[in-house]
Amino acid sequence: MADSTYQKLKQFYADSKVLFRELVHDPGASAEEYHQALGCRYEQQLKCLLIKVYEQNKEYFVMVTIPANKRADFETIKQHFNAKKIRGATLDELRQVTGCEYGEVPASGKIFGISLLMDKDFLNEQEVYMNAGIVTKSFVVNPKDLIKIEEPLIF
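First residue of the sequence shown? That's 5 in my numbering, and the numbers climb one at a time after it.
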């Protein structure tokens, strides 16, 4: 199913006229493994987390992307959505929403029909590296292009 996510993301970029480079590399599932495979700085590497948000009368998923050198600040994310509770998605939920396994999830909300929350530090980078839906492929994009097509919430 991850191949399907890869194809959707690639098509989304093509349809949106986003320039990107595709890298083929050794498999990586953790931020450290991707860092070794890609040879980029941690600050350029998009780490993606699928988060379940619980508000007063509804529950939904959001994609959160942060630099690989940071840890997710769940309290800040919770406050951003004015949620009563948030948590990381289970593996089953991740598969159901994204079609991906851990380590394959791309920094996209649109292709999954959910919102994307993006760390403001990416605005300082000329290019960022992200998983492409397959552990052996990554895309390199300009974060400004990503912001233009994804319309993320910046935090």
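The beta carbon of each residue, even a glycine, is placed where N, CA and C say it ideally should be.
Just so it is clear, the structure is predicted and the values come from calculations on it, not from any experiment.
Run of the alpha helix (DSSP H) containing residue i, from where it starts to where it stops
i	result
Lys148	Pro147 to Glu154
Host beta strand (DSSP E) of residue i (start-end)
i	result
Thr140	That residue, Thr140, is in no beta strand (DSSP E); it is neither H nor E in DSSP.
Phe65	Glu63 to Pro71
Identified DSSP bridge partners for residue i
i	result
Tyr58	Glu63 and Lys89
Leu53	Val68
Asn135	Ser142
Ile158	Met122
Per-residue burial, residue i [other beta carbons within 10 Å of its own, 16 or more giving buried]
i	result
Thr102	buried
Pro31	exposed
Lys152	exposed
Asp123	buried
Gly43	exposed
Gln48	buried
Glu154	buried
Ile70	buried
Ile90	buried
Ala111	buried
Ser20	exposed
Lys51	buried
Tyr10	buried
Any C-beta of chain C under 9 Å from that of residue i
i	result
Leu54	Considering every chain present, this structure includes no chain C. It has just one protein chain.
For residue i, three-class secondary structure by DSSP
i	result
Gln11	helix
Glu79	helix
Notebook entry, point to check: Whole alpha helix (DSSP H) runs in the stretch 84-123 with 4 or more residues, listed along the chain?
Noted result: Runs of the alpha helix (DSSP H) inside the stretch 84-123: 95-102.
Checklist line | Uninterrupted beta strand (DSSP E) stretches inside the stretch 15-51 (no shorter than 3 residues) | finding: You should have 24-28.
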